[in-house]
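Respectively, the protein sequence lines represent chains C and Y.
With this note's numbering applied, the first sequence corresponds to residues 1 to 193, in that order.
With this note's numbering applied, the second sequence corresponds to residues 1001 to 1193, in that order.
For reference, the structure discussed in these notes is given below.
Number of protein chains: 2
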Amino acid sequence: MEKGVKQRILEKGAEIIHQKGYYHTGIQEVLDAANVPKGSFYNYFNNKEDFGLQVIDYYVGQFDGMAGQILDNQSLPPLERVRKLLDSFIDLFRSKQYTLGCPIGNLGQEMGDLSEPFQKKLKWALDAMAGLYIRVLSEAQSRGDLPQGLDVRQTAFFLIASWHGALIRMKIERSPEPLEDHKNFFFNRIFKK
Amino acid sequence: MEKGVKQRILEKGAEIIHQKGYYHTGIQEVLDAANVPKGSFYNYFNNKEDFGLQVIDYYVGQFDGMAGQILDNQSLPPLERVRKLLDSFIDLFRSKQYTLGCPIGNLGQEMGDLSEPFQKKLKWALDAMAGLYIRVLSEAQSRGDLPQGLDVRQTAFFLIASWHGALIRMKIERSPEPLEDHKNFFFNRIFKK
């Protein structure tokens, strides 16, 4: 039961912060959405910042769940798993009418300059996300599916960063084109031997 | 004199919105920073939104000034001009301790989902920025400096979008590495014949 309440607060908080950003999200609206009385917030979180930082943990857990399942699927060649993951995200954003973007990218934009605890946590989150890509790209490279000269770590971080930028353009254009372009530049140019 | 006051409001507004985002910028602090009495704001702008949209025009004008001068410099080969522009931006962000990011990318992130007038204006801004790159990349391609199969329009938009994402990572890491990586992926992979 204890875990259930905290989980509900985190889930609703993650949803609202994804839509509105961190600053525009009020604790009270999160608690209302989670159907939890105000007093119990401080049983789980020291303050709004602590809550925000734990929401980042929650996002990374969500990413791990979705991406990990696809990227670790040994029945597909490693680069096909990357393609499948990007296609899954494109499907997800189509269902959201090309809004929202990546919550980690959004918070990086909003909070990267403004709060050192957020900055450190977001750096950890990027590292965690990149770790999944580094693993699958290394597997591809050792099979000979990627150029030997490609730096797998740099490629993983650039894949995520350029995806975040493509999501900004997706929001402005309300179109999947920036995400399709991103995928095509990686598969047709950067991954090409 | 009329033009002077409006220009001062736009300049200070552009500076403060770049630092804090649109929502967190108050009209009063812009007028205080510009040393302009409140009443005169409405001589130039219908409301805060109209002001924000005109600040976007101002940003595009700034970009045109800086980028246009470098990208139109006929004494350098076209791709060297692109490299020089990216290096100039890296120098600029170094002087800002790797904070701020691109004001158009920031507003795309903040406002892309929330306001249709901003969305339309930001789409126009992206198109305007891409136009400069399309021109110089076309020049490079017609000289044989780019692969013939490269879609110059897609490349221009992907260059800007992935730059915006690299800037998010720059803010999180407080480091030029994401910007250097961006440049290297374009010059060593995407532009490579």
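Backbone N, C-alpha and C define an ideal beta-carbon position, used for all residues, glycine too.
The beta-carbon of isoleucine 190 of chain C is placed less than 9 angstroms from the nearest beta-carbon of chain Y. Inclusion of leucine 1010 of chain Y and glutamine 1054 of chain Y in the CB contact set at 9 angstroms is warranted, their separation being smaller than that value. Spatial neighbours of tyrosine 1058 of chain Y in its own chain (CB-CB distance under 7 angstroms, excluding positions within 5 residues in sequence) are listed in chain order as Leu1010 and Ala1014. When the alpha-carbon of leucine 1079 of chain Y is set against those of Y:Ser1095, Y:Glu1049, Y:Leu1122 and Y:Ile1134, the nearest one is in Y:Ile1134.
Around histidine 164 of chain C, the beta-carbon contacts reaching into chain Y at under 8 angstroms are His1164, Gly1165, Ile1168 and Arg1169.
Ranked by Cα distance from isoleucine 168 of chain C, the options C:Ile27, C:Ile17, C:Asn47 and C:Tyr98 are led by C:Tyr98. Asparagine 1035 of chain Y sits in coil when the DSSP states are folded into three classes, being neither helix nor strand. DSSP places tyrosine 1023 of chain Y in no alpha helix (DSSP H); its state is neither H nor E.
Scanning its chain for C-beta atoms nearer than 6 angstroms, with the 5 sequence neighbours on each side dropped, one finds around phenylalanine 1118 of chain Y the residues Met1111, in chain order. Taking a Cβ-Cβ threshold of 7 angstroms, none of the residues of chain Y is close to proline 117 of chain C; the smallest such distance is about 12 angstroms. 9 angstroms or more divides the Cβ of isoleucine 17 of chain C from the Cβ of glycine 61 of chain C. Taking CB atoms only, alanine 161 of chain C has a neighbour in chain Y less than 9 angstroms away. Residue-level contact by beta carbon fails for isoleucine 1056 of chain Y and chain C, as no gap is shorter than 9 angstroms. Scanning chain Y for C-beta atoms nearer than 7 angstroms to the C-beta of glutamate 173 of chain C yields Lys1123, reported in chain order. Contact annotation: phenylalanine 1187 of chain Y and arginine 1083 of chain Y have beta-carbon atoms nearer than 9 angstroms.
Boundaries of the alpha helix (DSSP H) harbouring glutamine 1069 of chain Y: 1048-1071, taken from the DSSP string. With a beta-carbon spacing of about 18 angstroms, threonine 155 of chain C and isoleucine 104 of chain C fall beyond the 8 angstroms limit used to define contacts.
Contacts between glutamine 1109 of chain Y and chain C, judged by CB atoms closer than 8 angstroms, involve Gly101, Gly105, Asn106, Gln109, Glu110, Ile168 and Lys171 in chain order. Apart from sequence neighbours up to five positions away, the residues of its chain that approach isoleucine 1090 of chain Y with a beta-carbon distance below 6 angstroms are Pro1176 and Leu1179, ordered along the chain. DSSP places tyrosine 98 of chain C outside any alpha helix (DSSP H), giving it a letter other than H or E. Going by beta carbons, isoleucine 1027 of chain Y and lysine 1038 of chain Y fall inside the 9 angstroms limit. By the rule that beta-carbons nearer than 9 angstroms mark a contact, tyrosine 22 of chain C does not touch chain Y. From the listed residues C:Arg8, C:Lys193 and C:His164, the smallest Cα separation to phenylalanine 93 of chain C is found for C:His164. Near chain Y, meaning a CB-to-CB distance below 7 angstroms, no residue of the segment 137-151 of chain C qualifies.
With contacts defined by Cβ atoms closer than 9 angstroms, valine 152 of chain C and serine 162 of chain C do not form a contacting pair. Collapsing the DSSP output to three states places lysine 1084 of chain Y in a helix.
With contacts defined as CB atoms closer than 9 angstroms, aspartate 1113 of chain Y and leucine 100 of chain C qualify as a contacting pair. In this structure, the alpha-carbon of arginine 1008 of chain Y lies about 48 angstroms from that of aspartate 64 of chain C. Listed in chain order, the non-local C-beta contacts of alanine 34 of chain C below 6 angstroms within the same chain comprise Arg8, Ile9 and Lys12, local neighbours out to five positions each way being set aside.
DSSP places asparagine 43 of chain C inside the alpha helix (DSSP H), whose first and last residues are 41-44.
In this structure isoleucine 70 of chain C does not touch serine 95 of chain C by the C-beta definition: roughly 17 angstroms separates them, more than the 8 angstroms allowed.
Of the residues assessed, leucine 1107 of chain Y falls on the buried side of the cut-off, its CB having 16 or more other CB atoms within 10 angstroms. Taking every protein chain shown into account, the CB of leucine 1076 of chain Y has fewer than 16 other CB atoms within 10 angstroms, so this residue is exposed.
For alanine 128 of chain C, the closest alpha carbon among the candidates C:Ala67, C:Met170, C:Gln141 and C:Val5 is that of C:Ala67.
Neighbours of phenylalanine 185 of chain C in chain Y, taken as residues at a C-beta separation under 7 angstroms, are given in chain order as Phe1158 and Ile1190. By the Cβ-count criterion, glutamine 1109 of chain Y is buried, with 16 or more other Cβ atoms from all chains shown falling within 10 Å of its own Cβ.
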